[in-house]
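Novice:
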Amino acid sequence: MFPKSTHETFSNKLYQTFKNHKRFVKPKLSRTDFTISHYAGEVQYMSDQFLDKNKDYVVPEHQDLLGASKCSFVAGLFPPIPEETTKSSKFSSIGSRFKLQLQQLMETLNATEPHYIRCVKPNNLLKPAIFENVNIMQQLRCGGVLEAIRISCAGYPTRRPFFEFINRFGLLATEALEGNYDEKVACKKILEKKGLKGFQIGKTKVFLRAGQMAELDARRAEVLSNAAKTIQRRLRTHIAREQFVALRKATILVQALCRGWLACKLFERMKREAAAVKIETNIRRYQARKAYSKLRLSVLVLQRGIRAMDARKRFRFRKQTKAATKIQAQWRCHRASTFYKKLKRGSISKFLIYLHLPNLKMTLNSTTLQAARETGALKEAKDKLEKQLEELTWRLQLEKRLRTDLEEAKTQEVAKLQNSLDAMQNKVDESNALLVKEREAARKAIEEAPPVIKETQVIIEDTKKVESLTAEVDTLKHLLQSEKDKSDDLGRKYAESQECSEERRQKLEETEKRVHQLQESMSRLEEKLTNLESENKVLRQQAVSIAPNKFLSGRSKSILQRGGNSGHLYGDTKIPLDLHSPSLSQRDLSEVEDKPQKSLNEKQQENQELLIRCIAQHLGFAGSRPIAACIIYKCLLQWRSFEVERTSVFDRIIQTIGHAIESFRGTPQGVNLSFANGGLAGGVETLHQVEAKYPALLFKQQLTAYVEKIYGMIRDNLKKEISPLLGLCIQAPRTSRASLVKGSSRSVASTAAQQALIAHWQGIVKSLGDFLNTLKTNHVPPFLVRKVFTQIFSFINVQLFNSLLLRRECCSFSNGEYVKAGLAELEHWCYNATDEYAGSAWDELKHIRQAIGFLVIHQKPKKTLDEISHDLCPVLSIQQLYRISTMYWDDKYGTHSVSPDVISSMRVLMTEDSNNAVSSSFLLDDDSSIPFSVDDISKSMEQIDISDIEPPPLIREN
1 MFPKSTHETF
11 SNKLYQTFKN
21 HKRFVKPKLS
31 RTDFTISHYA
41 GEVQYMSDQF
51 LDKNKDYVVP
61 EHQDLLGASK
71 CSFVAGLFPP
81 IPEETTKSSK
91 FSSIGSRFKL
101 QLQQLMETLN
111 ATEPHYIRCV
121 KPNNLLKPAI
131 FENVNIMQQL
141 RCGGVLEAIR
151 ISCAGYPTRR
161 PFFEFINRFG
171 LLATEALEGN
181 YDEKVACKKI
191 LEKKGLKGFQ
201 IGKTKVFLRA
211 GQMAELDARR
221 AEVLSNAAKT
231 IQRRLRTHIA
241 REQFVALRKA
251 TILVQALCRG
261 WLACKLFERM
271 KREAAAVKIE
281 TNIRRYQARK
291 AYSKLRLSVL
301 VLQRGIRAMD
311 ARKRFRFRKQ
321 TKAATKIQAQ
331 WRCHRASTFY
341 KKLKRGSISK
351 FLIYLHLPNL
361 KMTLNSTTLQ
371 AARETGALKE
381 AKDKLEKQLE
391 ELTWRLQLEK
401 RLRTDLEEAK
411 TQEVAKLQNS
421 LDAMQNKVDE
431 SNALLVKERE
441 AARKAIEEAP
451 PVIKETQVII
461 EDTKKVESLT
471 AEVDTLKHLL
481 QSEKDKSDDL
491 GRKYAESQEC
501 SEERRQKLEE
511 TEKRVHQLQE
521 SMSRLEEKLT
531 NLESENKVLR
541 QQAVSIAPNK
551 FLSGRSKSIL
561 QRGGNSGHLY
571 GDTKIPLDLH
581 SPSLSQRDLS
591 EVEDKPQKSL
601 NEKQQENQEL
611 LIRCIAQHLG
621 FAGSRPIAAC
631 IIYKCLLQWR
641 SFEVERTSVF
651 DRIIQTIGHA
661 IESFRGTPQG
671 VNLSFANGGL
681 AGGVETLHQV
691 EAKYPALLFK
701 QQLTAYVEKI
711 YGMIRDNLKK
721 EISPLLGLCI
731 QAPRTSRASL
741 VKGSSRSVAS
751 TAAQQALIAH
761 WQGIVKSLGD
771 FLNTLKTNHV
781 PPFLVRKVFT
791 QIFSFINVQL
801 FNSLLLRREC
811 CSFSNGEYVK
821 AGLAELEHWC
831 YNATDEYAGS
841 AWDELKHIRQ
851 AIGFLVIHQK
861 PKKTLDEISH
871 DLCPVLSIQQ
881 LYRISTMYWD
891 DKYGTHSVSP
901 DVISSMRVLM
911 TEDSNNAVSS
921 SFLLDDDSSI
931 PFSVDDISKS
941 MEQIDISDIE
951 PPPLIREN
C-alpha cells in the first residue's frame, strides 16, 4: 500500500474493509475522514498525510548506532531480528517491530495467569486525599475496568457475605443455626438443603448463579407466608371464640334490657308529662333572668367606660400640670445657671485682661461663650421638641387604642344582637311548627278516640295546649319586635360612631403630619447642635494650645507683687517689670515645670509597672468576679486614663493579655482574661460618667477582638477533642456472629458489643460534661456557654448528617438504631445541663434527628410524600430525602424503602427545583462565625460591684 497509495485510496480501502464493523463509522460530510468508537466515545480521524506520518522505517545506520551503545536499555531498543525469507518484507519499520513485540506479549499473557493493578490519576492537582469522581470514572471506563467487572459479574452476579447470607436465609435451615457450625459450613448446609447447584463458596462470600437468589427469596417468602398463615388461623379462632362469648352475653343482656325497657316506658311517659310543666316554668324564669343579666352587664360596661374616661382625663390634666411645673422649674434653673455662668465668664475674662492676655484669647473666649449659649438654646429647644413629640405620640397611641376598642365593642354588640335576633326567629319558627304538629296530633287523637273521651278530657287538654302555645307565640312576637327596635337603635348609633371615628381619623392624620414636621425640625436642630459642638471642641483645643501654663500665671502673680516693692526707683517713679520678656519666661518655666513633670512621669511609670506585674500573676476570682479585671478598671479609673489623649498603659495591658492567651492556648482557662472595662458598679454613688478618648476606644476594640479570639480557641479545641469520637460514631455497627447463635454466651456477647458501640457516644458526653465543668469553674457567663454548645451541637449535626448522606453503609436500619441511642445520650446530657447552659443546643440536631427517625420508622412503602416532607422530616429538603430514600437498606428485617411513586415524585420536584435555579446541594455547611457581639454580652451580664475588691499584696504594699 505504501509505495503508490494516497490518502483517498487509503480511506476507500478502509470503507470497503470495515463497512459493517460496529466500531467503524463513515462521516457524512467528509470523503476521506473516518470515525472509530472507543470506550471513551467516538473519535474522528483525518486521513490527510496519514500515510506519510506512519512511514516509520528503521534506518540501519541508526540501528547499528543504538546497538553499539554501552547502556543495555538503549542497545536493546532495536534488537536484530531473523531475516524474512519471503519477498514481502523488504524493510523493517517501527510499526512492524511493535506488532511483533505485541504478539510476543499476547503469547506470554495467554500462556500465564497474570494479575495486574490498574492505576488511576486521582486528581489533576497531584495532591493527596483529593478524589475527582468524574475524572476517575472516565479513566476506569476508558481503561476497560468497568467492562471487565461487568464481564466478571456475568458468571456469579449475586455475592453475599456469610453473616449477611445467614442472617437473611437462616430460617430456611434452622438446624444450621442451632448447631455450632462455622459460617461457611452453615451457608453450605442451607444451599444443599434447598437443592441448589452451581454455587461457589469463597473465603468470605457466597457466589450464586443467576436466578438462584430469586429462588432463595421465594423459598424464604414461602416459609414466612406459612408462618403468617398459622398465626392468622390461630388469631381468627381466638377472635371467633371471643365474638361468640360476647354475642351470648349480649343476647342475655338485651333480653333483660327489653323487659326492663317495656316496664320503664310507661313510667317514663308519666314522668315526662309531670316534668313538662316544671320545664316550662323554669324556661320562663331563665329567659327573664337572662334578659335582666344582659341589661345589667350593658349598664356596668357603660358606667365603667365613662368612669375610665373621666379618670384618664383627670390623670392627663395632672400629668400636664406636673410637666408644666417641671418645665418652669427647669427653665428658672437654666436661667439662673446661665446668668451665673455669664457672671463667671465675665470675671474670668476681666482677670485674663488684667493679666495682659493677647487679644486673640479674648476673641476666642467670646466665640466660645457665644457657641455655648447657642448650644444651650439648641438643647433647650431640642428638649421641648422631644417633650412635644412624646406627648403627641402618646395622644396618637391613645386615639388609636380608643378607636380600636370602640370598633371592637360595636362589632361585638352588632354580632350579639344579630345572633339573638336569629335565635328569636328560630324559636318563633319552631313554635309555629310545634303548634301545627300539636294541632295535627290532636285532630288524629280526636278521630281515633272513643266517643266519651272525645267529649271530655281530650278536648280540654288540647284546648289548654293551644291556648298556651298561642300565648307563647304572642310573647315571642313581642320580643322579636323589641329586638328589631333595638337593632335599629344600634344601627343609628353605629352610623353616629362611624362619623365620629371619621372625624378622629382626620385629627389623627393631622397629628401625624405635625409629628412628622416636629421630627424633621428636631433632626435639623440635632445636626446644628452637632456642628456647634464640633466647632466648640475645635475652639477649646485652640484655647488650650494658646493659653499660658498654670505655673506661668502663678509665677507672674508673684513677680507682679515683688515688682511693686523692689522695683528700680528713679526718684519717686517705679519702673514695672516686663512680664513678656524672653529671659524671664524661659527661666521660670524651666525651673518650675520640668521638675514636677519629671517626678509625675516617673510615678506614673512605677504605677504602670506595678499594675502589669500584678495582672501577670494568677489572681483568681473573688466570688464570681475576676480580680485582674477589677484591679485594671479601678486603676485606670483612678489614673483617669480613659480621658487622656495619649497613653501607653493600654498597649502594655493588651500585650500582657496577649502573652497570657498564648500561654493558655489549647485550654479553656484562657477565658479568665475577661478584661472588659464596662459593667462594673463599684460604689455607684462615687463613679461618674467619663468621656472616653481615642486610646480608650481603641482599648475596647482590642479587648473585643481578644474575646472573639478566646471564644474561637475554646470552640475549636472542643471540636478537635470530639472529632475522633465522632469519626468512630459514624461507622455503621456490624452485627457480630454471636448475636445469631442462641444461648447464654450469645446474650453476654451481644451486651458487650452494645456497650462497646455506645462507649464512643459516652466519650462525647464525658468530654462535653468536663468542658462544662471547666467553664463553670472559671465563671464563664452562661450566655457564652450557650453559644459555644449551640455551635458544637451544630458541628455534630453537620458531621453526622453529611456522613449519613455520603456513605451507603450508614443508611441502614441497624445504624439508625445505633445513632438514635447516641442521640438519646446527648439529649440526656442537655437535660442535665439545664437550659441555662445548654440553651437551644438540642434543636441544632434537627437534621440528623429527623433523618434517623426516617431510617427507623416501619412500613416506609405506605408513607406518602406529603407525610414524609411535612410530618416526618419537615426540615429536610427534597434532595436530601431523595438521597436517603435511594441509599436506604434494611439489614435487620429485609424491608424496602419508600414506594416507587414517592421516588418519582421526588425526582419531579428535584427537576422543578433545578429549573428554578435552586441549589441542588444536599450537604450541610458548618458555621464557624462569631455568633454574638459585645453589646449582647453586656446585656446578658449583671453589673459587678468592685467596692469590696481588695488589691493584691503587690499593689497594697506600694
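Position 426, counted from 1, in the sequence shown is what full-length UniProt numbering calls 426; the numbers after and before it change by one each time, with no gaps.
Virtual Cβ for every residue (Gly too), placed ideally from N, Cα, C.
Given the structure is predicted, the values throughout are model-derived calculations rather than measurements.
Could you check what DSSP says for V43 in three-state terms: helix, strand or coil?
Specialist: DSSP places V43 in strand when its eight states are reduced to three.
Novice: Under a Cβ-count criterion, where at least 16 other Cβ atoms within 10 Å of its own Cβ denotes burial, should A186 be classed as buried or exposed?
Specialist: buried
Novice: Find the nearest neighbour of M713 within the set E662, L726, L725, N226, judged by alpha-carbon distance.
Specialist: Comparing Cα-Cα distances from M713 to each of E662, L726, L725, N226, the minimum goes to E662.
Novice: Please report the distance separating the alpha-carbon of G894 from that of F169.
Specialist: 11 Å
Novice: Taking Cβ positions, are H847 and Q879 nearer each other than 9 Å?
Specialist: no
Novice: Answer yes or no: does any C-beta atom of chain D fall closer than 9 Å to that of N110?
Specialist: No chain D appears in the structure shown, which is made up of a single protein chain.
Novice: Using only alpha-carbon positions, find the residue among W829, Q481, L855 that is nearest to K820.
Specialist: Taking each of W829, Q481, L855 in turn and checking the Cα distance to K820, the smallest one comes out for L855.
Novice: As a quick exercise: from K197, R439, V798, E147, pick the residue whose alpha carbon is nearest that of D926.
Specialist: V798
Novice: Please name the residue or residues paired with S337 in a DSSP beta bridge.
Specialist: Answer is none; S337 lacks a bridge partner.
Novice: Where does L518 fall in DSSP's three states?
Specialist: The three-state secondary structure of L518, taken from DSSP, is helix.
Novice: Tell me the residue span of the alpha helix (DSSP H) that contains F207.
Specialist: Annotation for F207: no alpha helix (DSSP H) segment contains it, though the beta strand (DSSP E) segment containing it runs 205 to 208.
Novice: What does a CB cutoff of less than 7 Å around I722 pick up in its chain, not counting 5 residues either side in sequence?
Specialist: I764, S767
Novice: When you compare only the Cα positions, how much space is there between E380 and H334?
Specialist: 9 Å
Novice: Three-state secondary structure (DSSP) at P161?
Specialist: strand
Novice: What did DSSP end up calling S583 once you bin it into helix, strand or coil?
Specialist: Only weak support exists for where S583 lies, its pLDDT of 38 falling under 50; the value from the coordinates is given anyway. It is helical.
Novice: Which same chain residues end up closer than 8 Å to Q425 when comparing Cβ atoms and leaving out the 5 residues on each side of it in sequence?
Specialist: In its chain, beyond the 5 residues on either side, L480 have a beta carbon closer than 8 Å to the beta carbon of Q425.
Novice: I need the straight-line Cα distance from I453 to A441, nearest angstrom please.
Specialist: Unreliable positioning characterises I453 in this predicted model, as indicated by a pLDDT of 39, which lies under 50. A coordinate reading is not provided.
Novice: Please classify H760 as buried or exposed, where buried requires at least 16 other C-beta atoms within 10 Å of its C-beta.
Specialist: Of the other Cβ atoms in all chains shown, 16 or more fall within 10 Å of the Cβ of H760; this residue is therefore buried.
Novice: S938: buried (16+ other C-beta within 10 angstroms of its C-beta) or exposed?
Specialist: exposed
Novice: Quick check on W829: buried or exposed, where buried means 16 or more other Cβ atoms within 10 Å of its Cβ?
Specialist: buried
Novice: Between which two residues does the alpha helix (DSSP H) holding I852 run?
Specialist: 846 to 856
Novice: Give every residue of the same chain whose Cβ lies closer than 8 Å to the Cβ of E183, excluding the five residues on either side of it in the sequence, and list them in chain order.
Specialist: F162, F163, I166, R737
Novice: For E175 versus K189, is the C-beta spacing smaller than 9 Å?
Specialist: Yes, these two residues count as a Cβ contact at 9 Å.
Novice: Apply the 10 Å Cβ neighbour rule to G815 and answer buried if 16 or more other Cβ atoms are within range, or exposed otherwise.
Specialist: The amino acid occupying residue 815 in the given sequence is Asn; Gly does not appear at that position. N815 should be labelled buried.
Novice: Quick check: the region 64 to 83 against the region 42 to 55, are at least 3 beta-carbon pairs closer than 8 Å?
Specialist: no
Novice: Can you name the residues that DSSP bridges to F24?
Specialist: DSSP output for F24 lists I36 as bridge partner(s).
Novice: Buried or exposed: where does M906 fall if 16 or more other Cβ atoms within 10 Å of its Cβ makes it buried?
Specialist: buried
Novice: Restricting to runs no shorter than 4 residues, where is the alpha helix (DSSP H) found entirely within the region 754 to 830?
Specialist: 782 to 806
Novice: Strictly by DSSP, which residues pair up with I201?
Specialist: V206
Novice: Any idea what DSSP makes of R401, helix, strand or coil?
Specialist: R401: helix per DSSP, three-state reduction.
Novice: Using three-state DSSP, classify F18 as helix, strand or coil.
Specialist: Coil at F18, not helix or strand.
Novice: When you compare only the Cα positions, how much space is there between V245 and L196?
Specialist: 51 Å
Novice: So, is I653 buried or exposed, given that buried needs 16 or more other C-beta atoms within 10 angstroms?
Specialist: buried
Novice: Tell me, please, which residues DSSP counts as bridged to F621.
Specialist: P626
Novice: Taking 9 Å as the threshold (C-beta atoms), are K719 and F795 in contact?
Specialist: yes
Novice: Give me the Cβ distance between P782 and E836, rounded to the nearest whole Å; I'm assuming they're in contact under 8 Å.
Specialist: 5 Å
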